[in-house]
Amino acid sequence: MELQYNIEDKNSIIQFAKKFVGKSIQSEFVEELKLLDLSNNDKGQLGKVIEKLYFKYEPNSNAKADFEKAGLELKSSGLKQLRSEEYRAKERLVLSIINYFKVVNESFEDNFLNGKNGHLLLIFYLYAKGLNQLNSEIKLVGDWKYPIEDIEIIKQDWLKIQKKTQQGKAHELSEGDTFYLGACTKGANATTVRKQPCSDVLAKQRAYSLKPGYVNHIIASIAGETVGVYGKLITSTNEIREKTLEEIVIEKFRNYYGRSVDEISVQTGIKLNINAKNFYSIVSHAILNIELNKEIEEFEKADIVVKTIRVEENNNIVQSVSFPAFEFEQIYNEHWISSEMKDITERKYLYIFFKSDGNTYRLNKATFWNMPLSDRNEVRKVWLETKYVIQNGKVFKDYDWDKNGNKRLSKKGNPIRKNNFPKMSESLICHVRPHGNDSSEMYTLPVEDKTLKLNEYSKQCFWFKNTYVRDEIYLKEY
DNA sequence: GCATGATCATGC
DNA sequence: GCATGATCATGC
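So this is what it looks like as structure tokens:
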């Protein structure tokens, strides 16, 4: 069959692909689709069908690039549209499966960069809940090659994945181990495992992936927009060739270790309101020398979560660490493997500790951290317990009654309720507690509560326990 | 108004 | 002093 593009020429393929913008597979290939035997559950279906029907090219799933002779790999991925109409990645971009046996022996260049991951042809469709990808409109098409600084960081990431595999710890891999290039789980469930070369323990199947934050930058680049206003940490290619991103960041913080909040303010020229709840986080921005109204580009690309923590003189940490509130309905509908909380356990964090000297808080330590495997499994248990409580209508224990038999009221006058979610005392790592502007901010309960007969409850979120943060992040040396 | 990072308040 | 439930400050 005569193709409408030159299969050996990158530009020809890319230009042809771009003509698909504004269309959908369903709208263009009504008859052809009927002849295909399609499953409803195949999430990777769109890419394969585009190759087959649009490019008239037989898909392959081997280690070679889709358009092998041109050295181009086709990937399709979803977009969300914000209220501002800007596009964002619906999820991480999953690249090739990690072959643990090859990783340990190959170079970054051979294993990753020069293979099917080095030059991508990306087709972004507009995701809508419940709408089949084949019906979705293609919104953005373009190719992606990594900028030089990004290649250095991705190489550092790849080397980390290689090292862990060489140490016989492929089963302990986590997306949080790395910055831009992640090792994300791939497979229907936790039972999708593979052998690894340096240990007898079976490891979860994982694939190379680009973090959602990184994909946002690709999207912006293809769309010819900037995603917000960014400040860069890395100012020269040489810098990132000589040091890891991690070293570069921590060194900047090290320069201010021992300095009080006031001293840092004076030194950086950032004027602050000490009573503001984001005071410490603004100080951190100042240390990294990024203007307050700018996002830190490298952190955005790596989806890094920054947590600022106060430590008391005796090393005690008073408060546990919160996360965004969850919707009960979302947990009800999710499986752990694809849940938001699992993502949280595989995220990379920058923890910044300010320690009291009895008088004032001084910058004491900054460290990148991600959760080890055994602790991730513990969070999974807490999450499953939370889901169980929601599923079975067992959210409430009782109202909080005072000695006179009256309902106790909160400061804002709302009745206080006791619940059955996993409590601080039940796990050394993670628990559930309220998290809203006040207790009248509610989310729907998918199953009516059996005790109080209520269909909604104050917003809640998962918390990392204060003592866990102290013992496993603050006090531990890595 | 609400999402988010962070801290407060009170009973035991 | 801890555990638990609630709320604050900011930015958009």
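At position 424 of the first sequence (counting the first as 1) the number is 558 in the numbering used here, and the numbers step up by one without a gap.
We treat Cβ as the ideally placed atom computed from N, Cα and C, and that holds for glycine.
Per DSSP, the bridge partner or partners of residue i
| i | result |
| --- | --- |
| VAL164 | The partner list for VAL164 (beta bridge, DSSP) is empty, contrary to what the question assumes. |
| LEU208 | LEU255 |
| ASN110 | What is shown of the chain runs 135 to 612, which leaves residue 110 out entirely. |
| VAL327 | LYS338 |
| LYS489 | VAL445 and ARG496 |
| ASP277 | LEU255 |
| SER614 | Within the shown structure, residues of the chain are numbered from 135 to 612, placing residue 614 beyond reach of any answer. |
| GLN215 | TYR221 |
| PHE596 | VAL566 |
| PHE502 | LEU484 |
| ILE356 | In the DSSP output, where bridge partners are listed per residue, ILE356 has none listed. |
| GLY310 | Its beta-bridge partners do not exist; DSSP assigns none. |
| SER333 | GLN330 |
| PHE201 | LEU206 |
| LEU543 | PRO549 |
| GLY249 | Its beta-bridge partners do not exist; DSSP assigns none. |
| LEU170 | None, per the DSSP bridge assignment. |
CB-CB length for residue i against residue j, believed under 8 Å
| i | j | result |
| --- | --- | --- |
| LEU229 | ALA354 | About 19 Å separates the two Cβ atoms, so there is no contact after all. |
| GLU309 | GLU480 | 4 Å |
| ILE368 | ILE382 | 7 Å |
| LYS386 | LEU422 | 6 Å |
| SER561 | GLU606 | Contact doesn't hold; Cβ gap of about 13 Å is too wide. |
| ASN389 | ALA223 | Rounded, the Cβ-Cβ distance is 34 Å, inconsistent with contact. |
| ILE424 | GLY365 | 4 Å |
| HIS569 | SER456 | 6 Å |
| PHE555 | THR520 | 6 Å |
| TYR221 | LYS273 | 7 Å |
| VAL237 | GLN296 | 5 Å |
| ARG551 | ASP536 | The pair is not a contact, with the Cβ atoms about 14 Å apart (cut-off 8 Å). |
| GLY302 | SER333 | 3 Å |
| LEU254 | LYS209 | 6 Å |
Limits of the unbroken alpha helix (DSSP H) element including residue i
| i | result |
| --- | --- |
| TRP535 | No alpha helix (DSSP H) contains TRP535, which DSSP labels as neither H nor E. |
| ASP291 | 282-300 |
| HIS569 | Note, HIS569: premise wrong, no alpha helix (DSSP H); not H, not E. |
| ILE374 | 371-376 |
| THR520 | 507-525 |
| TYR234 | 234-237 |
| ILE607 | Per DSSP, ILE607 belongs to no alpha helix (DSSP H) and is neither H nor E. |
| GLN267 | Note, GLN267: premise wrong, no alpha helix (DSSP H); not H, not E. |
| LYS144 | 144-152 |
| LYS190 | First-last for LYS190: undefined, no H or E at that position. |
| GLN138 | GLN138 -> no alpha helix (DSSP H), and no H or E assigned at all. |
| LEU180 | 179-183 |
Which listed residue (the options) has its alpha carbon closest to that of residue i
| i | options | result |
| --- | --- | --- |
| ILE451 | TYR495, PHE258, ARG481 and ASN538 | TYR495 |
| PRO580 | ILE465, ALA357, GLU192 and LYS386 | ILE465 |
| GLU376 | LEU426, ILE272, ARG388 and GLU283 | GLU283 |
| ASP143 | ILE159, LEU206, GLN179 and LEU167 | LEU206 |
| LYS528 | GLU512, ALA500, GLU590 and LEU484 | GLU590 |
| LYS545 | HIS569, TRP470 and SER573 | SER573 |
| ASN553 | ASP583, ALA304 and THR325 | ASP583 |
| VAL275 | LEU213, THR585, ALA304 and MET475 | LEU213 |
| TRP503 | LYS298, ILE352 and ILE438 | ILE438 |
| ARG604 | TYR485, ASN526, TRP535 and LYS298 | TYR485 |
| ILE148 | SER161, ILE524, ILE257 and ARG551 | ILE257 |
| THR326 | ASN548, ALA337, SER333 and LYS482 | ALA337 |
| LYS476 | LYS515, PHE487 and THR578 | LYS515 |
| GLU373 | ILE287, LEU609 and ILE184 | ILE287 |
| TYR234 | LYS329, TYR522 and ARG226 | LYS329 |
| VAL417 | TRP517, ARG551, LYS297 and THR402 | THR402 |
| SER146 | GLU271, ILE430 and ASP277 | ASP277 |
| ASN611 | PHE462, PHE313 and LYS499 | The amino acid occupying residue 611 in the given sequence is Glu; Asn does not appear at that position. The option with the nearest alpha carbon to GLU611 is LYS499. |
| ALA317 | SER454, PHE460, SER343 and TYR483 | SER343 |
| ALA567 | PHE154, PHE433 and GLU461 | Note that residue 567 corresponds to Arg in the displayed sequence, not to Ala. Of the listed residues, the one whose Cα sits closest to ARG567 is GLU461. |
| LYS298 | ASN538, ILE356, ASN239 and GLU219 | ASN239 |
| ILE352 | ILE384, GLN339 and PRO281 | PRO281 |
Enclosing beta strand (DSSP E) for residue i [first to last residue]
| i | result |
| --- | --- |
| GLU590 | 590-592 |
| TYR391 | Careful: TYR391 lies outside any beta strand (DSSP E) and carries neither H nor E. |
| ILE231 | 227-231 |
| MET576 | 576-578 |
In chain order, what are the residue ranges of uninterrupted alpha helix (DSSP H) at least 4 long that sit wholly in the region 402-484? 413-421, 431-435, 462-467 and 474-479
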